[in-house]
Amino acid sequence: MSRASRAASGLPPQSQRAIAQLGKDISIARRRRKLPQRLMAERMLVSVQTLQRLEAGDPTVGLAVLASALHVFGMTQRLAELVAPDTDRAGISEDIARLPKTTHAVSDDELDF
1 MSRASRAASG LPPQSQRAIA QLGKDISIAR RRRKLPQRLM AERMLVSVQT
51 LQRLEAGDPT VGLAVLASAL HVFGMTQRLA ELVAPDTDRA GISEDIARLP
101 KTTHAVSDDE LDF
């Protein structure tokens with residue numbers, strides 16, 4: 001069994017639902033733009049079957065296919081922002097928790113300018 005199929009079959013239910021919703025949202029975005037699947041697939045440089053799998057929420061569809069669909073919609077930046085450090089609340093909380101509890105005043109010897 002390939003890694004992709006093992007990863008897809010082991011997805012938690014909430015991840016499966018999120019991927020299915022993403023597929024539906026891509027379908028809605030395409031239809032709002034009045035793009036037939038054939039034309040959308042051509043613009044994405046994929047087959048119609050691959051686009052159909054993406055819209056159906058197939059978790060084995062590659063990330064490049066998703067990125068291509070977002071590009072066609074002019075939404076590439078959204079992919080770049082998915083796990084951006086400045087919006088990672090859990091990561092920021094961890095950073096804050098690791099801050100020292102106390103600090104000391106800087107001596108004149110430590111000032112090097």
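Mapping of the sequence shown onto the UniProt record's numbering: position 76 corresponds to residue 76, and the numbering continues sequentially without gaps.
All C-beta atoms in this analysis are idealised placements derived from N, C-alpha and C, irrespective of residue type, glycine included.
Residue 36 and residue 81 have their C-alpha atoms roughly 28 Å apart. With a cutoff of 8 Å on beta-carbon distance, residue 90 and residue 79 are scored as not near each other. Per DSSP, the unbroken alpha helix (DSSP H) holding residue 71 starts and ends at 63-73.
Secondary structure at residue 36: coil, using DSSP grouped into helix, strand and coil. The beta carbon of residue 40 sits closer than 8 Å to the beta carbons of 30, 51, 69 and 72 from its chain, once the five residues preceding and following it are set aside; these are given in chain order. Only buried fits residue 54, as 16 or more other CB atoms lie within 10 angstroms of its CB. In this model, residue 42 and residue 48 are separated by some 8 Å (Cα to Cα). Here the alpha carbon of residue 99 sits roughly 17 Å from the alpha carbon of residue 86. If you look at residue 55, you'll find it in the alpha helix (DSSP H) that goes 48-55.
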